[in-house]
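Asker: Quick one: structure below, then a few questions.
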Amino acid sequence: MAGPLYRYFIDDHRRLEALMNRAVADPEKIDEAAYEAFRGGLLKHISMEEKILLPAAQSARGGPLPMAAKLRLDHSALAALLVPPPSPPILSAIRAILADHDWIEESAGGLYDLCEQSLGGEMDAVMAKVRSAPDVGAIPHNHDPNVLDAVRRILARAGYDWDDYSGK
Ligand SMILES: [Fe+2]
Ligand SMILES: [Fe+2]
């Protein structure tokens, strides 16, 4: 389980966790620079998994991965949570969803393990695409309070309840 793909994506998970930890280190004030680096990094990470890993693994295995649908729903929930400006409930939702999500990807039999097992001779080409994936540019936050209704709906579709995080 220690192939190049596994190491690359696990290192990226740890790098993003460190940025998030820095963003919330002072409970009185979010470190905005750290949060924006986390946000751009997570959007790029999700895009690499959706556009490169999942399709490559699916074609190598001749069918979708068992956890692909769940991972895609989680990705949509995480991306939705990155749209409004960060708040304590947004931050706790992101951290809770990511903790389980990353485990599904990292564990034995998880996404990265299955990719390592199935890509075979395609591995070098897949890793070349991963390494040259473009950075995600700065996207402005949507400050419209109605955006939280959309967040609530997208979380519900992925099996999460916004009220668990918003303290309602
Ligand atoms: Fe993911
Ligand atoms: Fe990941």
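Residues in the sequence shown are numbered from 219 upward in steps of one, following the numbering used here. In this text, a Cβ means the ideal position worked out from N, Cα and C, and glycines have one as well.
Once the 5 residues before and after H361 are set aside, which same chain residues still bring their CB inside 8 Å of it?
Answerer: Here residue 361 corresponds to residue number 143 of the sequence shown, with the count starting at 1. The residues are P302, P303.
Asker: Just list the alpha helix (DSSP H) runs in the region 244 to 308, keeping only unbroken ones of 4 residues or longer that don't cross its boundaries, in chain order.
Answerer: 250 to 266, 272 to 279, 286 to 299
Asker: If you pair each beta-carbon of the region 286 to 300 with each one of the region 309 to 326, do three or more pairs fall below 8 Å?
Answerer: yes
Asker: Can you look up A236 in the DSSP assignment and give me helix, strand or coil?
Answerer: As a first step, residue 236 must be located in the sequence shown, where it is residue number 18. If DSSP states are grouped into helix, strand and coil, A236 belongs with the helices.
Asker: May I ask you to verify whether the region 267 to 275 touches the region 369 to 378, counting CB pairs closer than 8 Å and requiring at least 3?
Answerer: no
Asker: I'd like to confirm something about E267: is its beta-carbon nearer than 6 Å to some heavy atom of ligand 1, or not?
Answerer: Numbered from 1 along the sequence shown, position 49 holds the residue referred to as residue 267. Yes, ligand 1 has a heavy atom inside 6 Å of this Cβ.
Asker: Here's a check: name, in chain order, each residue in its chain whose Cβ is nearer than 8 Å to the Cβ of A255, leaving out the five neighbours to either side.
Answerer: Here residue 255 refers to the residue found at position 37 when the sequence shown is read from its first residue. Result list for A255: L237, in chain order.
Asker: Using alpha carbons as the reference points, say which of P363, C333, G385 lies closest to R225.
Answerer: What you label residue 225 is simply residue 7 of the sequence shown in a count that begins at 1. Nearest C-alpha to R225: C333.
Asker: Mapping DSSP to helix, strand and coil, what is W380?
Answerer: Against the sequence shown, residue 380 aligns to sequence position 162. W380 falls in the coil class under three-state DSSP.
Asker: If I measure Cβ to Cβ from G338 and keep anything under 8 Å in the same chain, skipping five residues before and after, which residues do I get?
Answerer: On the sequence shown, position 120 is the one that residue 338 refers to. Result list for G338: A278, in chain order.
Asker: Would you call the CB atoms of S310 and Y383 closer than 7 Å?
Answerer: Residue 310 sits at position 92 when you count from the first residue of the sequence shown. Residue 383 sits at position 165 when you count from the first residue of the sequence shown. Yes, the Cβ-Cβ distance between S310 and Y383 is below 7 Å.
Asker: Between the Cα of V354 and the Cα atoms of R232, A251, A243, H263, which residue gives the shortest distance?
Answerer: Here the question's residue 354 lines up with position 136 in the sequence shown. When R232, A251, A243, H263 are compared, the shortest CA-CA separation from V354 is found for H263.
Asker: Buried or exposed: R257, going by 16 or more other Cβ atoms within 10 Å of its Cβ?
Answerer: Taking the first residue of the sequence shown as position 1, residue 257 is located at position 39. With 16 or more other Cβ atoms within 10 Å, it is buried.
Asker: If you reduce the DSSP assignment to three classes, tell me which class S391 lands in.
Answerer: Within the shown structure, residues of the chain are numbered from 219 to 386, placing residue 391 beyond reach of any answer.
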